[in-house]
Amino acid sequence: MTFEVIENTEDRTGETVIRRKIYRTDDPQYPSGYRYALHYGFLDGQGVILRYDNENRTPGRHERHTPDGIDEIEFPGMMELRDRFLNEIQDLP
22 MTFEVIENTE
32 DRTGETVIRR
42 KIYRTDDPQY
52 PSGYRYALHY
62 GFLDGQGVIL
72 RYDNENRTPG
82 RHERHTPDGI
92 DEIEFPGMME
102 LRDRFLNEIQ
112 DLP
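If you read the sequence shown in this note's numbering, its first letter stands for residue 22, the second for the next number, and so on.
Okay, here's the thing in structure tokens:
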């Protein structure tokens with residue numbers, strides 16, 4: 022199995038952190054071809070504000086996490102999902 026780092030960034034502002042980890046992979050656990058975690062949350066351990074990621078136990082499952090819970094989502098493509106994440110966090114605290 023191989024992987025290529027597409028993006029691996031972390032930005033801290035005040036009490037929040039934005040992490041974007043995107044890897045292209047041929048691992049069968051990630052049939053989309055990407056292993057990723059797009060995370061916006063608090064630095065002090067208060068939790069997630071918004072996160073998109075691959076669910077680790079179910080190959081091919083993609084999830085959206087908020088303080089209200091976890092929803093399975095359709096995977097529109099990696100760059101489209103990344104852009105959706107970046108647009109959504111602009112309107113969050």
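Just so you know, even glycine gets a beta-carbon here, dropped at the ideal spot from N, CA and C. Only a predicted model underlies this, so the values are computations on that prediction, with no experimental measurement involved.
Outcome for residue i when other beta-carbon atoms lying within 10 angstroms are tallied against a minimum of 16
i: D106; result: First, the amino acid is wrong: residue 106 is Phe here, not Asp. Its Cβ being crowded by 16 or more others within 10 Å, F106 is buried.
i: L102; result: buried
i: N75; result: buried
Helix, strand or coil at residue i [DSSP, three-state]
i: R105; result: helix
Reference residue i; option with closest CA among the options
i: R40; options: D48, P114, Y73 and T79; result: Y73
i: Y51; options: T37, M99, N108 and T34; result: M99
Cα-Cα separation between residue i and residue j, rounded to whole angstroms
i: Y57; j: D104; result: 13 Å
i: D65; j: P88; result: 15 Å
i: Y44; j: G90; result: 25 Å
i: L113; j: T23; result: 35 Å
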